[in-house]
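This report concerns only the one structure given below.
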Ligand SMILES: [Zn+2]
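In the numbering used here, the protein residues as written are 36 to 328.
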């Protein structure tokens, strides 16, 4: 995204460092993310949009897609692999090779709309994974949990009214991208949180809003839009989640996955810009996904 941009390569090293420091890293199986195909992307995006992104990708220098979202000569590869990671993770989990997968990917995806890049996002990675589960594997019900501090407007645009997908999210409001307050369809469980909200408000949202909807929906697979920018140390926004909150929310969702989805979970990295808090929080989340907490 350019120098001094918060969506920076060091985010992935911060997660890797904490995986090593915690000892968790050596217990995980690693996979290289493949490039997503046009067929996989076109389940979510207009094919014209995918082709336009391929064409606009620069051979040198930087191209701005919108004021927040840029591409350099490596961005197309990264975006295709971020979406491809969702596909491979879904394949591995549905093949029972692993119960759960975490995809440490950049760029993030949940603001990317059907035909528009937005907010550091080019392709909607979590949506590509969800549609792959539904269309390539024949699942009938997939849930998406989004605890990024920003509302996943792209994911909502793609799935609103889609009865095969339930999306449950918490996000700061009013705040970028200024969407998500009124639930646009019964399959959207939006819980906007006021600036300053923390563990207490998160727990209330999960226990009173998410869990009843998830228990009624009975998902066969759960995907996460795992953004860690609601952490108290992250000054991108003004929520006050703690490291332990990320373990707690993952435990609550894992219990639903164990009940209805044979424990199957796929998690995609979204935001999280305070490097130390990002690494620590991701480890809390991954530890629970891996069944090691
Ligand atoms: Zn975010």
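Even for Gly, the Cβ is constructed at its ideal location relative to N, Cα and C. These numbers come from a predicted model, not from an experiment.
Locate the beta strand (DSSP E) running through residue i, then write down its first and last residues.
i: residue 207; result: 200 to 207
i: residue 311; result: Run containing residue 311: none in the beta strand (DSSP E); it sits in the alpha helix (DSSP H), 310 to 324.
i: residue 105; result: 104 to 106
Pick helix, strand or coil for residue i, following the three-state DSSP scheme.
i: residue 78; result: coil
i: residue 180; result: strand
i: residue 158; result: coil
i: residue 210; result: coil
i: residue 63; result: coil
i: residue 131; result: coil
i: residue 285; result: helix
i: residue 116; result: helix
To which residues does DSSP link residue i through a beta bridge?
i: residue 225; result: 204
i: residue 3; result: Since the first residue of the chain shown is 36 and the last is 328, residue 3 is not available in this structure.
i: residue 56; result: Its beta-bridge partners do not exist; DSSP assigns none.
i: residue 301; result: 136 and 258
i: residue 153; result: 156
Can you name, in chain order, every residue of its own chain whose Cβ lies under 6 Å from the Cβ of residue i, other than the five neighbours on each side?
i: residue 189; result: 145, 146, 147, 148 and 159
i: residue 271; result: 264 and 308
i: residue 319; result: 278, 281 and 282
i: residue 301; result: 124, 125, 128, 136, 164 and 258
i: residue 275; result: 233 and 267
i: residue 236; result: 228
i: residue 99; result: 105
i: residue 315; result: 53 and 278
i: residue 115; result: 70 and 71
i: residue 219; result: 195
i: residue 50; result: 139, 314 and 317
In its own chain, which residues sit with a C-beta less than 7 Å from the C-beta of residue i, not counting the 5 before and 5 after it?
i: residue 277; result: 234 and 267
i: residue 166; result: 78 and 79
i: residue 64; result: 133
i: residue 169; result: 177 and 199
i: residue 241; result: 284 and 287
i: residue 223; result: 191, 195 and 202
i: residue 103; result: 154 and 155
i: residue 95; result: 108
i: residue 231; result: 273 and 275
Kindly list the residues whose CB is nearer than 8 Å to the CB of residue i, restricted to its own chain and excluding five residues on each side of it in sequence; keep chain order.
i: residue 299; result: 128, 129, 134, 135, 255, 256, 257 and 292
i: residue 150; result: 80, 81, 83 and 84
i: residue 192; result: 148 and 149
i: residue 41; result: 271 and 308
i: residue 208; result: 186, 215, 216, 227, 228 and 229
i: residue 138; result: 68, 117, 120, 121, 124, 160, 301, 302, 303 and 304
i: residue 248; result: 201, 203 and 224
i: residue 91; result: 98, 100 and 106
i: residue 74; result: none
i: residue 244; result: 203, 224 and 226
i: residue 212; result: 146, 153, 154, 185, 186 and 188
Check for me: the alpha helix (DSSP H) holding residue i runs from which residue to which?
i: residue 101; result: Here residue 101 belongs to no alpha helix (DSSP H); instead the beta strand (DSSP E) covers 98 to 101.
i: residue 95; result: That residue, residue 95, is in no alpha helix (DSSP H); it is neither H nor E in DSSP.
i: residue 190; result: 188 to 194
i: residue 240; result: 234 to 240
i: residue 249; result: 246 to 252
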